[in-house]
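Chains as they are written, first to last, in this note's numbering: chain U, 3 to 172; chain S, 37 to 334.
Read the structure below first, then the notes.
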């Protein structure tokens, strides 16, 4: 999908953005000041990505960009042009839960659910890169994701259960 | 909590980017990783008229390993450096340092050069850069290339000697071999800003101190460095007495800024603790010749 790219955009100009979201090519437009998080939520209607602090502290808005977790409130939508983004919606495309989601559901890892999308993106990346984490590695991995309900214990339990289940299945 | 309005440029050449900086002066800001700049925009601590995004300029994301220094370009992300075994072998202290910077999701975007240019007093990399005689390579369209030594670069909180029209294309770190080095910090939670941090470098000769560098972060308005010469400990055995002396002398001289997490005197105490731990760890690594080995020590 070729389109004209300029070197300079004014503050009110809507910049065309083409990217892959959860494996599907998507296109939209946004002013330069718009964050990737707002673009996903408002322009693409993917409201599973939550916005907590909006300055990179709480981790609720974590999404995958080109395979790595990033804060979507600390990335401009224009910076995501040409990138591959995976949001919480992409973890269970067909409506069934993945092993991580299922284990966390069983371990009561979530209460209000606000931190859930960021936790799941971060932890699914952990299990991809390190399928047999110990508890310290799980805690390190989610050190940048705030949860105000659970005290983290049930989240860590859920991640450990998922890791065990995935390695037992191998 | 949304960024203010700004114009957005994505030049495809360095020359174009430099021209934009010189034409827009203080109204333009460079966007590299954005992990400090975008929060500052959202908090409205910065209101630039123009952001110049470096992402489309080729060849700004390389790590070059020269004969006696390594050069890290301005778009090299912290996670990219963390995965570069060749870089970590050359500058082993980065093995300790990089994982302490923010969280994984931050390091996947944040750049090393960006951290130097942001000059947050609590940041780890400025302290390392200062200790390793780093040279910041600054380019401008009018002035060509300026090589700025780290000791002349950090002027105060969030303040460097960079001119408005200059862009840092790379930082060079001298890799004079050290027998033992380590980076330690105290923070309230993994990934949080340091309340005190220390980069310690040590080379021994028969148990005595031959060369020593202690570089602190988060304990003043900019990183603070001492050498064995400043501290007059060259040739002394690194025993309990000398360790205690160094902890006292350095922590007494530091001028930490009190904040909600601790008073100035508490942070001095942390600095003294870090000197004791850091010297012992650097010493044991020097003896083992083990600085190149991965270490879980924090």
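Even for Gly, the Cβ is constructed at its ideal location relative to N, Cα and C.
Spatial neighbours of residue i in its chain, beta-carbon cut-off 7 Å, leaving aside the 5 residues before and after
i	result
residue 46 of chain U	23, 28 and 30
residue 116 of chain U	52, 54 and 62
residue 158 of chain S	229, 230, 253 and 254
residue 63 of chain S	84, 85 and 86
residue 183 of chain S	171 and 173
Buried/exposed call for residue i, threshold 16 Cβ in 10 Å
i	result
residue 71 of chain S	buried
residue 138 of chain U	exposed
residue 53 of chain S	buried
residue 155 of chain U	exposed
residue 262 of chain S	buried
residue 83 of chain U	buried
residue 114 of chain U	exposed
residue 154 of chain S	buried
residue 99 of chain U	exposed
residue 201 of chain S	buried
residue 296 of chain S	exposed
residue 193 of chain S	exposed
residue 36 of chain U	buried
residue 288 of chain S	exposed
residue 175 of chain S	buried
residue 152 of chain S	buried
residue 59 of chain S	exposed
residue 313 of chain S	buried
Alpha-carbon spacing of residue i relative to residue j, whole angstroms
i	j	result
residue 110 of chain S	residue 122 of chain U	31 Å
residue 68 of chain S	residue 206 of chain S	12 Å
residue 99 of chain S	residue 107 of chain S	6 Å
residue 65 of chain U	residue 146 of chain U	13 Å
residue 126 of chain S	residue 161 of chain S	16 Å
residue 1 of chain U	residue 160 of chain U	With chain U represented from 3 up to 172, any question about residue 1 of chain U goes unanswered, as that position is not in the structure.
residue 41 of chain S	residue 322 of chain S	52 Å
residue 301 of chain S	residue 283 of chain S	14 Å
residue 86 of chain S	residue 235 of chain S	36 Å
residue 221 of chain S	residue 96 of chain U	45 Å
residue 9 of chain U	residue 77 of chain S	22 Å
residue 74 of chain U	residue 124 of chain S	29 Å
residue 180 of chain S	residue 259 of chain S	28 Å
residue 38 of chain U	residue 80 of chain U	8 Å
residue 164 of chain S	residue 107 of chain U	44 Å
residue 294 of chain S	residue 44 of chain U	41 Å
residue 144 of chain U	residue 269 of chain S	43 Å
residue 178 of chain S	residue 124 of chain U	45 Å
residue 267 of chain S	residue 244 of chain S	14 Å
residue 198 of chain S	residue 86 of chain U	35 Å
residue 79 of chain S	residue 73 of chain S	10 Å
residue 146 of chain S	residue 121 of chain S	19 Å
residue 61 of chain S	residue 75 of chain S	22 Å
residue 55 of chain S	residue 82 of chain S	21 Å
residue 89 of chain S	residue 19 of chain U	15 Å
Spatial neighbours of residue i in its chain, beta-carbon cut-off 6 Å, leaving aside the 5 residues before and after
i	result
residue 11 of chain U	17 and 34
residue 149 of chain S	110, 204 and 207
residue 249 of chain S	167, 237 and 263
residue 115 of chain S	143 and 144
residue 219 of chain S	129, 132, 133 and 235
residue 112 of chain U	118
residue 77 of chain U	38
Sequence-distant residues of the same chain with beta carbon closer than 8 Å to residue i, five excluded per side
i	result
residue 50 of chain U	89, 90, 91 and 119
residue 70 of chain U	127
residue 240 of chain S	215, 216, 246, 274, 319, 322 and 323
residue 169 of chain U	133 and 134
residue 15 of chain U	33 and 34
residue 68 of chain U	85 and 86
If you measure beta-carbon to beta-carbon, which residues of the segment 187-202 of chain S are closer than 8 Å to chain U? Cβ contacts with chain U come from no residue of the segment 187-202 of chain S.
Which residues of the segment 81-109 of chain S have a Cβ closer than 9 Å to any Cβ of chain U? Give them in chain order. 85, 86, 87, 89, 91 and 92
Give me the subset of the segment 126-158 of chain S whose CB atoms are less than 8 Å from a CB atom of chain U, sorted by chain position. 138, 139, 140, 141, 142, 144 and 145
Sufficient close CB pairs (3 or more, under 8 Å) joining the segment 242-255 of chain S to the segment 299-317 of chain S: yes
Check each residue of the segment 71-92 of chain U: if its Cβ is closer than 8 Å to any Cβ of chain S, include it; give the result in chain order. Per Cβ criterion, the list reads 71, 72, 73, 75, 76, 77, 78, 80 and 81.
Give the residues from the segment 109-122 of chain S that approach chain U closer than 8 Å (Cβ to any Cβ), ordered along the chain. 115
Count the CB pairs spanning the segment 130-145 of chain S and the segment 220-229 of chain S that are closer than 8 Å, and state whether there are at least three. The answer is yes - the segment 220-229 of chain S touches the segment 130-145 of chain S, with three or more Cβ pairs under 8 Å.
Answer yes if the segment 84-93 of chain S comes into contact with the segment 41-51 of chain S, meaning at least three C-beta pairs across the two stretches below 8 Å, and no otherwise. Yes, the segment 41-51 of chain S is in contact with the segment 84-93 of chain S.
According to a CB-to-CB cut-off of less than 9 Å, which residues of the segment 41-65 of chain S neighbour chain U? 41, 42, 43, 44, 45, 46, 47, 48, 52 and 56
Identify each residue in the segment 32-45 of chain U for which the Cβ-Cβ distance to at least one residue of chain S is less than 9 Å, and report them in chain order. 33, 34, 35, 36, 37 and 40
For the segment 200-226 of chain S, list every residue whose C-beta sits within 9 Å of some C-beta in chain U, in sequence order. If the cut-off is 9 Å between Cβ atoms, the segment 200-226 of chain S has 225 and 226 near chain U.
Taking a Cβ distance cut-off of 8 Å, strictly less, list which residues of the segment 17-28 of chain U are near chain S, in chain order. 17
Residues in the segment 265-296 of chain S having any Cβ partner in chain U nearer than 8 Å: When C-beta distances to chain U are compared with 8 Å, every residue of the segment 265-296 of chain S stays at or above that value.
Selection of the segment 98-110 of chain U by Cβ proximity to chain S, strictly under 7 Å: none
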